[in-house]
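Each number in this note's numbering corresponds to the 1-based position in the sequence shown with 1312 added. Cβ atoms here follow ideal geometry from the backbone N, Cα and C, with glycine treated the same way. In what follows, a single structure is set out as structure tokens and then discussed.
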Amino acid sequence: MTTIVWDGTTLATDSLISVNGSTYNHAQKLFQLDSGEWVAFAGEQQEWWEVMEWLNAGAPRDAKPHVTRVEMIIAGSDGVFEMFNKLVRIPVLGPVAYGTGWKWALAAIDHGRSAIEAVEYAITRDHDTGGEVQSVTPATRAGMPFETLMRDVETTPAEAQCS
């Protein structure tokens, strides 16, 4: 599978393609969509292409591709979103990781590592994560450290008005 990570500012992924636990190849897993957004994929590689075609067509509700094993993080000027098999955008407000190395990557994030360092750590622990790390730091509304996002969320309405 793979490991994809969003740390609050950077989107990163590995490049290993594995099939049934065996190394198969290396591939691009981070793509820029026609909209300017960036997407990183985990799951069935063949399904990525169907989803990218659908996203580039404007993601029409009546033309969703049928996918069964796909996870993605989409980052762009409108924010950061996670998306799974039902192809519904779910807003992301903090660090997230998906794919077979997600636990290792989130552990690295919890210890102050960047998305790139989190993927690098997952490579050392997960046999389905490997190769070169691919990354991008897109301009997003969510492009700020997680601690800042949490301060904004934790601010009460009265505190927000006083600021």
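Residue of Trp1361, Gly1388 and Met1384 minimising C-alpha distance to threonine 1412: Position 100 of the sequence shown, counted from the first residue, corresponds to residue 1412. For the residues Trp1361, Gly1388 and Met1384, the minimum Cα distance to threonine 1412 belongs to Met1384.
What residue from Arg1381, Val1408 and Gly1391 has the CA that sits closest to asparagine 1397's CA? By 1-based counting over the sequence shown, the position of residue 1397 is 85. When only C-alpha atoms are compared, the closest one is Arg1381.
Could you name the residues of the same chain whose beta carbon sits closer than 7 Å to that of alanine 1451, not counting the 5 residues immediately before and after it, in chain order? Stepping through the sequence shown from its first residue, residue 1451 is reached at position 139. Once the five neighbours on either side are set aside, the close Cβ partners of alanine 1451 are Ser1389.
Suppose you measure from the CA of glycine 1443 to the CA of valine 1408; what does that come to, to the nearest Å? Translated into the one-based positions of the sequence shown, residue 1443 becomes position 131. Translated into the one-based positions of the sequence shown, residue 1408 becomes position 96. Approximately 20 Å between the Cα atoms of the pair.
Are alanine 1354 and valine 1445 touching if we call contact CB-CB under 9 Å? The sequence position of residue 1354 within the sequence shown is 42, counting from 1. The sequence position of residue 1445 within the sequence shown is 133, counting from 1. It is not a contact, given that the beta carbons lie outside the stated cut-off.
Given histidine 1423 as reference, the closest of Thr1436, Ala1375, Met1364 and Asp1319 once Cα atoms are compared: Residue numbering aside, residue 1423 sits at position 111 when the sequence shown is read from its first letter. It is Asp1319.
Glutamate 1356 in three-state terms, based on DSSP: As a position in the sequence shown, residue 1356 is number 44, starting the count at 1. Glutamate 1356 falls in the coil class under three-state DSSP.
Could you say which of Ser1426, Ala1352, Ala1419 and Lys1415 lies nearest to phenylalanine 1393 if we only look at CA atoms? In the sequence shown, residue 1393 corresponds to position 81, counting from 1. Comparing alpha-carbon positions, the option among Ser1426, Ala1352, Ala1419 and Lys1415 lying closest to phenylalanine 1393 turns out to be Ala1352.
Can the beta-carbon of alanine 1366 be found less than 9 Å from the beta-carbon of leucine 1399? Translated into positions along the sequence shown, residue 1366 becomes position 54. Translated into positions along the sequence shown, residue 1399 becomes position 87. What sits at residue 1366 in the sequence shown is tryptophan, not alanine. Taking C-beta atoms as the reference points, tryptophan 1366 and leucine 1399 count as a pair closer than 9 Å.
Going by DSSP, what residue range makes up the beta strand (DSSP E) through glutamate 1394? If you number the sequence shown from 1, residue 1394 lands on position 82. Note, glutamate 1394: beta strand (DSSP E), 1391-1395.
Grouping DSSP H, G and I as helix and E and B as strand, with all else coil, what is glycine 1424? To locate residue 1424, count along the sequence shown from 1; it is residue 112. In this structure, glycine 1424 counts as coil in the three-state DSSP scheme.
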